[in-house]
Structure formats: C-alpha cells, structure tokens
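What follows is a single structure, written as structure tokens, with notes after it.
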Amino acid sequence: MAKSTKPASSAAAGKLERYHPSAIEPRWQAKWEADQLYRTRLDPSRPKFYFLTMLPYTSGDLHFGHWYPMAPSDARARYLRMRGFNVLYPIGFDAFGLPAENAAIKRGIHPKTWTYQNIDNMRRQLRTLGTMFDWEREAVSADPEYYRWTQWFFVQLFKHGLAYKKLSPVDWCPNCNTTLAREQVWGDDRHCERCGTPVIKKNLDQWFFRITRYAEELLDFSGIDWPDRVRTLQTNWIGRSQGASVVFRSEKGDPLEVFTTRPDTLWGATFMVLAPEHPLVARLTTPERKAEVEAYVVQAARQSDIQREAVDKDKTGVFIGAYAVNPVNQARIPIWIADYVLMTYGTGAIMAVPAHDERDFAFARKYDLPIPVVIAPPDWDGKPLEAAYTGDGKMVNSGQFDGTQVPEDMDRVIRWLEDNGTGKGAITYRLRDWLISRQRYWGTPIPIVYCPEHGQVPVPEDQLPVLLPDDVEWRPTGESPLKLHSTWKATTCPTCGKPAERDTDTMDTFMCSSWYQYRYLSPDYAQGPWDPKEFDYWMPVDCYTGGIEHATMHLIYTRFFTKALRDMGLVPFGEPMLQLRNQGIILGEDGEKMSKSRGNVVAPDSLVAHYGADALRAYLMFAYRWQEGGPWSSQGIEGTARWLNRAWTLVTETATLSGREEDPDPARRLRRKLHQTIQRVSADFEAFEFNTIVSSEMELTNLMQDLRPALEGTPVWREAVLSLLLMMAPVAPHIAEELWDLLGMPYSIHQQSWPAFIADLARSDEITLVIQVNGKVRDRVQVPADIGESEAKRLALASEAVSRLLGGKEPRQVIYVPGKLVNVVV
RNA sequence: GCCGAAGUGGCGGAACUGGCAGACGCGCGCGACUCAAAAUCGCGUUCCUUCGGGAGUGUGGGUUCGAGUCCCACCUUCGGCACCA
Numbered sequence: 037m038a039k040s041t042k043p044a045s046s047a048a049a050g051k052l053e054r055y056h057p058s059a060i061e062p063r064w065q066a067k068w069e070a071d072q073l074y075r076t077r078l079d080p081s082r083p084k085f086y087f088l089t090m091l092p093y094t095s096g097d098l099h100f101g102h103w104y105p106m107a108p109s110d111a112r113a114r115y116l117r118m119r120g121f122n123v124l125y126p127i128g129f130d131a132f133g134l135p136a137e138n139a140a141i142k143r144g145i146h147p148k149t150w151t152y153q154n155i156d157n158m159r160r161q162l163r164t165l166g167t168m169f170d171w172e173r174e175a176v177s178a179d180p181e182y183y184r185w186t187q188w189f190f191v192q193l194f195k196h197g198l199a200y201k202k203l204s205p206v207d208w209c210p211n212c213n214t215t216l217a218r219e220q221v222w223g224d225d226r227h228c229e230r231c232g233t234p235v236i237k238k239n240l241d242q243w244f245f246r247i248t249r250y251a252e253e254l255l256d257f258s259g260i261d262w263p264d265r266v267r268t269l270q271t272n273w274i275g276r277s278q279g280a281s282v283v284f285r286s287e288k289g290d291p292l293e294v295f296t297t298r299p300d301t302l303w304g305a306t307f308m309v310l311a312p313e314h315p316l317v318a319r320l321t322t323p324e325r326k327a328e329v330e331a332y333v334v335q336a337a338r339q340s341d342i343q344r345e346a347v348d349k350d351k352t353g354v355f356i357g358a359y360a361v362n363p364v365n366q367a368r369i370p371i372w373i374a375d376y377v378l379m380t381y382g383t384g385a386i387m388a389v390p391a392h393d394e395r396d397f398a399f400a401r402k403y404d405l406p407i408p409v410v411i412a413p414p415d416w417d418g419k420p421l422e423a424a425y426t427g428d429g430k431m432v433n434s435g436q437f438d439g440t441q442v443p444e445d446m447d448r449v450i451r452w453l454e455d456n457g458t459g460k461g462a463i464t465y466r467l468r469d470w471l472i473s474r475q476r477y478w479g480t481p482i483p484i485v486y487c488p489e490h491g492q493v494p495v496p497e498d499q500l501p502v503l504l505p506d507d508v509e510w511r512p513t514g515e516s517p518l519k520l521h522s523t524w525k526a527t528t529c530p531t532c533g534k535p536a537e538r539d540t541d542t543m544d545t546f547m548c549s550s551w552y553q554y555r556y557l558s559p560d561y562a563q564g565p566w567d568p569k570e571f572d573y574w575m576p577v578d579c580y581t582g583g584i585e586h587a588t589m590h591l592i593y594t595r596f597f598t599k600a601l602r603d604m605g606l607v608p609f610g611e612p613m614l615q616l617r618n619q620g621i622i623l624g625e626d627g628e629k630m631s632k633s634r635g636n637v638v639a640p641d642s643l644v645a646h647y648g649a650d651a652l653r654a655y656l657m658f659a660y661r662w663q664e665g666g667p668w669s670s671q672g673i674e675g676t677a678r679w680l681n682r683a684w685t686l687v688t689e690t691a692t693l694s695g696r697e698e699d700p701d702p703a704r705r706l707r708r709k710l711h712q713t714i715q716r717v718s719a720d721f722e723a724f725e726f727n728t729i730v731s732s733e734m735e736l737t738n739l740m741q742d743l744r745p746a747l748e749g750t751p752v753w754r755e756a757v758l759s760l761l762l763m764m765a766p767v768a769p770h771i772a773e774e775l776w777d778l779l780g781m782p783y784s785i786h787q788q789s790w791p792a793f794i795a796d797l798a799r800s801d802e803i804t805l806v807i808q809v810n811g812k813v814r815d816r817v818q819v820p821a822d823i824g825e826s827e828a829k830r831l832a833l834a835s836e837a838v839s840r841l842l843g844g845k846e847p848r849q850v851i852y853v854p855g856k857l858v859n860v861v862v
C-alpha cells in the first residue's frame, strides 16, 4: 500500500497535484480494509443501530439499479456512525433462484459456478463504491451453512402446522418448465416474469405456508414506521372483505356455503352461481342438463386466464338443473355455473342478487332471471331497475327487516342469521397461502422425506443441511432435476429406517430472503440460525431501505416469517423492521426498466474509472428525489465531479493557518452559512432527503470560494474547511479522508464526530425585509433582524415603490409578518 | 372500474409551519487564461416586453392581505389491484 500521509505543511506550500480519484480511492479502500475500520462489534456502551439495505440478487454485474439504493444508504449509515451510534451495516447475496438458472442454461455453465463468479464480481464492485459494509458478516443464501438454517426454519414451520402440502392448480411456465408464484405472473396477458411466455395451469402437489393465518395481523402496521404507499399496497394485496357466510342448501340437502359482503340483500337472491370447478357441480347436475354442463366446464377449463378474466367479456353460464333453497325466505332458486365465479376466492359459490350487483344484474338480464328490488334506491318509484343499485337505502321485500337502513344496521341481519344458525359474520381475504415449491434445481432442497409407512417426515435437525448435489442435469426437462438424479432422492425414513424418498423440489427464494436479516448477525454460527448474544444486542432492524417493487412480495413474506417465528417462541417481536424507506427505480436512459434483455443497462465500472466512486456516490444522491428515481443520465456526474474538484483545490491551497486576523463581517457570514449547512444536512440525513444534502454542501463550498480572498488562513476558515470535510465524509468518503489526512488530522475522518450545530451562530443579525403591495413584491430592504413592527411598517410606507403605487392614497391595511415581510393593501 | 403517487424553466430538481418561485446542478451563451484546445475561473440563462412593466408552478374555480403549498371539480402521466361476491 502506498504511503498515504503527507505532511500538512506541503498543503500550504502551493499547488499540489490535482484531484485524481483513481489514485486515492483504491489506496484508502485497502487501508480501511486492512485496519478493519468497518468491522462492527458488540458494544453495550454505545446505542446500537441496525441499518439494513436489501441484499442484491446475484444476476451478474451490478448496475445503477443496485447502486442507487446503496450509495445513499451507505452515506446515511456513515452519518449515523458519526452521530455516535454503533452501526451494523451488513450485506450479502441472494444467490439461489430461477434467473441464475436460466442465465446458466443460456451460457452452458453450472449455475453454481455462474453464481459464485457473479458474487466475486459484485463484491469487487461494492468495494469500489467505497461502502462501509462489514464483510465479516456477509451471508450468501446458496452456502450450505446458510441454507442449512433455511431448511431448519422449514422444519419448524412444518412442525407448527404452518407448512402443508396440497394438490393445487398452479401457474406453470411452459418455457421455463416451472411453477410460478402469483407475483411472478405479470401483465394482463399473464406472462412469465422471466421469459414472457403466457402461463398455463397445471395441477401439482406442492408445499404452502399458511400466511393467510396472519392476514389480519399483517394489516396492522401500528408500531412500525413504514411508508403509506407500502401499507396501502399490502392492504390491497391482503384484500380484506367483511360480510357474512351463509349456508344455502340444495334440494338434495347438500350445504352450499357462500360468502357475501351484503347479507342485507339475501332476500333478493334469485339464483346461485357456482364456479365451474366447484366440487358439487357433478353431483348436483341433473341428467338432462349433464351434457351441456360438462361441455361448459370443459370449455371454461380450456380457456386461458386472459380470455376468462377479460373484463369486458359477456357473462356466460349454464343452468345445471338443480335448485337450492334460500335460507332466509325458503325461496326455491335455480343453480347455475358461470366462469365469472372463481374457485380461488371465497367459497367458489355465490348467491346472485341481480338487483344489487352489477355482474349478477348482467347475468340475470342475459338469461331472463328475475330481478327483485330489496334495497330501495332514493326516490324509487317501484318500477324495475335499469341497472344494479349498489348504494345505501332501506330494505324492502325482506320480511321482518323491511325498513331497516343499510349499511348502518347491517349488524341486525347478521345477528339474526347467527341466531337462526343459517349464517354468521365472516371475513374473507384476497391473500392466498404462499406457494413455495419450485420444480427447479438451483434452490434450497425441501427437507422432507416420504416414507411409504410414515408419510411426510421432516429430516432430523442434526442431519441438516440436505445438500444440493452438484452433479445433476440442470437443464430443463419438465421435471425437477433432483428427481432425475440417479441416487440423490433415495434415502431412508428417519422414523423407521426403511427406504424412503426425498422431496425433489426446492424452495422459493423469497424463503431465503425472509430471514437473512437474522443471519447477518452471526453468519458463521453453527449452533443455531443466529448467535443469541448478537441477536439480543442488535435486533430488531432499526432502518430498512430498498425498492418499492418488493412491497407485496418480500416485504409481506418477511413480516409473516417473523410473526411465525414469534409464535414459535424464537423471537420476542412480531415485526422485523421498525422503519422502512423505499427508493424509486432507476430506469435506463431510454426511460425503460434497466434489464440486460433490453440492452439498456449502464454499468458503473467505467464511470468509476473516469470520475471516481466519490463523484458517482454524490451524483446518485444528488440527481434524483430518492423516493422517485427516474431515467439514468450520465451527463450530470460532471457536476458532482467538479464540486469535488473545487473542494480539493480549496482545501489543498488554503487550509493552513497563517496567523491572519479574521475580517469580522465575512467571518460572520461564513460561520452563519456553516452552521446553517450543518443544521440542514443533519436534518436531511434524518429525513432521507439526499439530494439537498449534496446541494447544501455545494452551497457552502461556493460561498467559501467567494470568501476565500477575505478569510484564507484565518481560524474561521480552518473551522469551515474541517467541518465541510466532516460533512462530506458520508457522501464522498475517499476524498474526505485524503484531505483530512493532508491537513494532518488524526486518522480516520470516519471515526470523528459529526460537527456540532450551534443555533446562535446560524442566526442572522440582519434580514431582508420584503415589501409587498397587494401581495406582489415591490421592494426589499436590509434591516436588523430584531426590527419592530412599527419601524418595519414605517420603512415599507417610506419605500419609493410603495408611494408610487399608492399614488397619494391611504393604504387600506398594512400586514406585518415578523422577520419576513410587510404587505401594503391598497 | 377501484386504490395510490406525481405534475414547477431546455433537463434533473429546490422552496421549513401559506410569506422573495426556480436554490443546487446539467445544458446552453458570452468573456478571461491559451498559439490553440481541454481543464479551470468569471458573468448570464423562466417566458413575453414598446424596458415602464406584464405573465408564470397541469386546467378551471374558491378561501386568504398573500397560494407551488389549503379547499372543490377536472385533465395528464406513472405504479398497483381488478368479474373479489
């Protein structure tokens, strides 16, 4: 490593070499690493802060999509450290999963080789950014030491009844040959997230986690500081509906449970509709309707989801010949099947109330079914409705409930149903259980053994991990690669020791990332998923940053996971991350999402080489509203690079004390600006306002440049230079360290305290009093900050502009806003 | 259709609780330095203007002495959900 310290006196000796980031950045990175500057240790004497940023997926090169969240997060972690917190700021890699496998297939390299090569490259890139990650705590989800515990958690969930297996229609990508989670099916045409192929349905026996058991609790965000946007997205995703479940009966006596949000309209139910896949359809269909019903069922099943879910599609359906009895009025009503009723929501059966539901109305119109009104619209004349009425009103034609105002008194109806035993208050969610089975190779093997005698048996904990074999045919065949392996799946039953088979599926990678925040605490710990000493000190996560695109996937799963761990007695809290802040997305220069397939990925390496990591870090903070993001543009980096250059020149040429006396007026100006900047930058770091952090520091630099001839070499100048460097340290860690060192200050700048803000010094003793006439600015005067009302008004009325506009008349009103302005109303 | 976010110069974006709109930067223009260029530095840069001033924060209203900011209605863009019973 090059010798880094130059004597401070050489800085004063005149022009030094110019700012060359490529010369200083690697040198400091190596020194910080050698000195273990960013290792984090338990320290009960300091307040802890667990600052977590979402771990990157190992897709290859890091692009600005990765750097955009990291540069500001890193700066904020550094700021908090300078504020005295013991900051844990770890990183790792989400290394399993489908995209890695697809990429490997395309290149003909083993997914493991490909993934770990990528990790090496990404580590290098993250280091060149000058991040303060504690690499000793790095966790990689594809390491056996990691997925051993992923499997262990699976076993715990299984033992606590939160993991179960069921045959279920799943979205299947015929191109990737795999099951897709609902979140991985994109767009109106329901295509595969990865390859764009339209998905089809396939029935497979698969593992699910009972996230729906936590639906209600997941709606509760009290006690955590998460953005409204995420809360809204999650709330919609969970999709809570309140109403009643009511049991109708077929004439044969089969119970037909329906869910309705409008139990008050029960008296208007004139038919029932079952989903075509409903299990009772075959049994209830009468012989003479059989042919037509079966044809409809086949046709509905064959239709793709696109066709079936097209909103503007005509309602279609078939009468199955059977009748049901409406439990509230014993009316005999026909049972139909129709594809607008979904087996995957509610009970797969509905009561149809055509007068008060738009879909039922359209259906009844088409098939000429009765449409009796049971909620009177305002000014209703008793005539048939022209459209479904879904609003409020009084119940009519509803027996004893006639005149009941709904929805206000809906509870009376529900209570009556409950007293009668025909129904009860009920809540239904859109959220479905989390399907985690993947018929893929590159993932965590599911630690379950199938024994002919004992069924599903979890692999004993002391036999974990179930290792993923390297020697498989991982190219897609339509089957799980592990199933085709010659020996891997053959094992013995942990219970009886007789021959048994392993589960050949792997887990959804969202399982890996649901608990990584715990593994960072002690990635090498072998006695459990985490070292309890570390856990007790660090958890929970104090601040979490990452992309909004994970709102309804990762960010729900990890909350669920922690709640499940809490109920199993493993953690003492129900929310993993106390504060969440989302950055927006960086798009390609074409305004489209950055992706390799689009060819619009901007790789940072060449920009680092040209401008340096510091300029790039500053630019990533400066160029956008962090929460918004936007299209990438390389152009503006010039701005932050020039700023760093100016700072370099300023410090290297002027920072040494010369014994010169301060000129009081400019000294006051500089001190005021300095403390205003400290205040602003501190507040902006707290509030994640990264762009104005940089602009404030630029303003201070600009003012220093202006005042340089007056103040160079004075104590206030030295104070300003040192404070500026301290404030630059989180943003541009290398140049700040270099200049700090050049000034002979003690290593390291990153171990110094944040400069103190002194309110008295930030306050101005003079203000610009704005003089308005009818709210329009007409004049400005410099006045003492403590000017009184009468004096301010006198000055305003004395203004030439005001007297011109008054034209000799008396003002109607004169308004004085202390410290700001006088408004003369004419 | 429902839910949410956002609309400010050529561009990215500032503007704390209603009080100087356009900070900071990019780009552009002019100038200095240079044989020249780059770099750097200085000045200018919302629009219109008869040089007095006038208009201006998506549109139209409103509240107010005063509105980018608050209220009402609408338009556009982006994100999410969507035959959810």
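Residue 524 in our numbering sits at position 488 of the first sequence; the count goes up by one each step and never skips. The C-beta atom is built at its ideal place from N, Cα and C for all residues, glycine as well.
Which of helix, strand or coil DSSP assigns to L320: As a working mapping, residue 320 is identified with position 284 in the first sequence. The answer is helix: DSSP assigns L320 an H, G or I state.
Report the option in E825, G582 and A70 whose CA atom is closest to the CA atom of L865. A question about residue 865 goes unanswered here, because the residues of the chain that appear run from 37 up to 862.
From the DSSP output, in three-state form, read off I851 for me. Along the first sequence, read from residue 1 onward, the residue named residue 851 stands at position 815. Strand, per DSSP.
Excluding the five sequence neighbours on either side, which residues of its own chain have a C-beta within less than 8 Å of the C-beta of D417, listed in chain order? Residue numbering aside, residue 417 sits at position 381 when the first sequence is read from its first letter. Answer for D417: no residue qualifies.
Continuous beta strand (DSSP E) stretch holding D777: start and end: Looking up residue 777 in the first sequence gives position 741. It is not in any beta strand (DSSP E) - D777 instead sits in the alpha helix (DSSP H) that spans P769 to L778.
First and last residue of the uninterrupted alpha helix (DSSP H) at E628: The residue labelled residue 628 in the question sits at position 592 within the first sequence. It is not in any alpha helix (DSSP H) - E628 carries neither H nor E in the DSSP assignment.
Beta strand (DSSP E) segments (min. 3 residues) lying fully within the segment 533-613: 535-538 and 579-583
If we ignore side chains and look at the alpha-carbon of each, how far apart do V644 and V730 end up? The residue given as residue 644 occupies position 608 in the first sequence. The residue given as residue 730 occupies position 694 in the first sequence. Their Cα atoms are separated by approximately 19 Å.
Which two residues bound the contiguous alpha helix (DSSP H) that contains N456? Here residue 456 is taken as the residue at index 420 of the first sequence, counted from 1. Counting along the chain, the alpha helix (DSSP H) containing N456 begins and ends at M446 to N456.
Mind checking who L88 pairs with in its DSSP beta bridge? Residue 88 sits at position 52 when you count from the first residue of the first sequence. For L88, which the question treats as bridged, DSSP gives the partners Y580.
Within the same chain, show all residues whose beta-carbon is closer than 8 Å to that of H227, passing over the 5 residues directly before and after it, in chain order. Counting from 1 along the first sequence, the entry for residue 227 is found at position 191. Closer than 8 Å at the Cβ level, and outside the excluded window around H227, lie V221, T233, P234 and V235.
Where H56 falls, given that 16 or more other Cβ within 10 Å makes a residue buried: Residue 56 sits at position 20 when you count from the first residue of the first sequence. Classification for H56: exposed.
Alpha carbon to alpha carbon, how far is P700 from I807? Give it in angstroms, no decimals. Looking up residue 807 in the first sequence gives position 771. Looking up residue 700 in the first sequence gives position 664. Rounded to the nearest angstrom, the two C-alpha atoms are 29 Å apart.
Return the first residue and the last residue of the alpha helix (DSSP H) that R163 is part of. The sequence position of residue 163 within the first sequence is 127, counting from 1. Counting along the chain, the alpha helix (DSSP H) containing R163 begins and ends at P147 to T164.
Contact under 9 Å by Cβ, G711 with L805: Working through the first sequence from its first residue, we reach residue 711 at position 675. Working through the first sequence from its first residue, we reach residue 805 at position 769. Per the sequence presented here, residue 711 reads as His, with Gly not at that position. Contact: no.
With 16 other Cβ atoms within 10 Å as the buried cut-off, status of V838: Translated into the one-based positions of the first sequence, residue 838 becomes position 802. Label assigned to V838: buried.
In whole angstroms, what separates the C-alpha of T728 from that of G353? On the first sequence, residue 728 is found 692 positions in, with the first residue counted as 1. On the first sequence, residue 353 is found 317 positions in, with the first residue counted as 1. Each residue's alpha carbon lies about 60 Å from the other.
Residue of G357, E328 and T301 minimising C-alpha distance to N433: Here residue 433 corresponds to residue number 397 of the first sequence, with the count starting at 1. If we check each option's Cα against that of N433, T301 comes out closest.
Is H56 near the ligand ATP, with its Cβ less than 8 Å from a heavy atom? This structure simply doesn't include the ligand ATP, nor any ligand for that matter.
Buried or exposed for G435, going by 16 or more other Cβ atoms inside 10 Å? Counting from one through the first sequence, the residue named residue 435 turns up at place 399. Exposed, since its Cβ has fewer than 16 Cβ neighbours within 10 Å.
Would you call the segment 306-316 in contact with the segment 366-380, where contact means no fewer than 3 C-beta pairs closer than 8 Å? yes
When the Cα atoms are used, what is the spatial distance from R276 to M604? Residue numbering aside, residue 276 sits at position 240 when the first sequence is read from its first letter. Residue numbering aside, residue 604 sits at position 568 when the first sequence is read from its first letter. Rounded to whole angstroms, R276 to M604 spans 26 Å at the Cα level.
Give me the residue from A723, D261 and W790 with the minimum Cα distance to L760. Working through the first sequence from its first residue, we reach residue 760 at position 724. Nearest C-alpha to L760: W790.
Nearest-angstrom Cα distance between G479 and W566? Along the first sequence, one-based indexing puts residue 479 at 443. Along the first sequence, one-based indexing puts residue 566 at 530. The alpha-carbon atoms of G479 and W566 are separated by roughly 21 Å.
Buried or exposed, going by whether 16 or more other CB atoms sit within 10 Å of the CB of S45? Residue 45 sits at position 9 when you count from the first residue of the first sequence. Its pLDDT being 35, under 50, S45 is placed unreliably by the model, and the measurement read from it follows with that caveat. Exposed, because fewer than 16 other Cβ atoms sit within 10 Å of the Cβ of S45.
Could you pull the start and end residues of the alpha helix (DSSP H) that F100 belongs to? Sequence index remark: in the first sequence, residue 100 carries index 64 (1-based). That run of the alpha helix (DSSP H) goes F100 to M118.
Please say whether R117 and M168 have beta carbons closer to each other than 9 Å? In the first sequence, counting from the first residue as 1, residue 168 sits at position 132. In the first sequence, counting from the first residue as 1, residue 117 sits at position 81. In this structure, R117 lies closer than 9 Å to M168 by Cβ.
What residue from K402, L405 and Y425 has the CA that sits closest to P413's CA? Numbered from 1 along the first sequence, position 377 holds the residue referred to as residue 413. Per the Cα distances, Y425.
Below 8 Å, how does it come out for the segment 659-671 and the segment 714-723: are there three or more Cβ pairs, yes or no? no
A388 and A305 look like a contact to me (Cβ under 8 Å); what is the Cβ gap, rounded to whole Å? Numbered from its first residue, the first sequence carries residue 388 at position 352. Numbered from its first residue, the first sequence carries residue 305 at position 269. At roughly 6 Å, the Cβ-Cβ gap stays under 8 Å, so A388 and A305 are in contact.
For P766, does the count of other Cβ atoms within 10 angstroms reach 16, so buried, or fall short, so exposed? Here residue 766 corresponds to residue number 730 of the first sequence, with the count starting at 1. It counts as buried.
Can you give the Cα-Cα distance for F437 and S281, rounded to whole angstroms? Residue mapping note: residue 437 aligns to position 401 of the first sequence, counting from 1. Residue mapping note: residue 281 aligns to position 245 of the first sequence, counting from 1. For F437 and S281, the distance between alpha carbons rounds to 19 Å.
Among D156, M547 and I851, the one whose alpha carbon lies nearest that of T94: The sequence position of residue 94 within the first sequence is 58, counting from 1. Per the Cα distances, D156.
With DSSP as the reference, label E735 as helix, strand or coil. Within the first sequence, the letter at position 699 stands for residue 735. DSSP places E735 in helix when its eight states are reduced to three.
Span separating the alpha-carbon of T321 from that of V410: To locate residue 321, count along the first sequence from 1; it is residue 285. To locate residue 410, count along the first sequence from 1; it is residue 374. Cα to Cα, the separation comes out at about 29 Å.
Among residues of its own chain, excluding the 5 on either side of L736, which ones have a beta-carbon nearer than 7 Å to its beta-carbon? Your numbering for residue 736 matches position 700 in the first sequence. These residues qualify, in order along the chain: K709, L710, T713 and L760.
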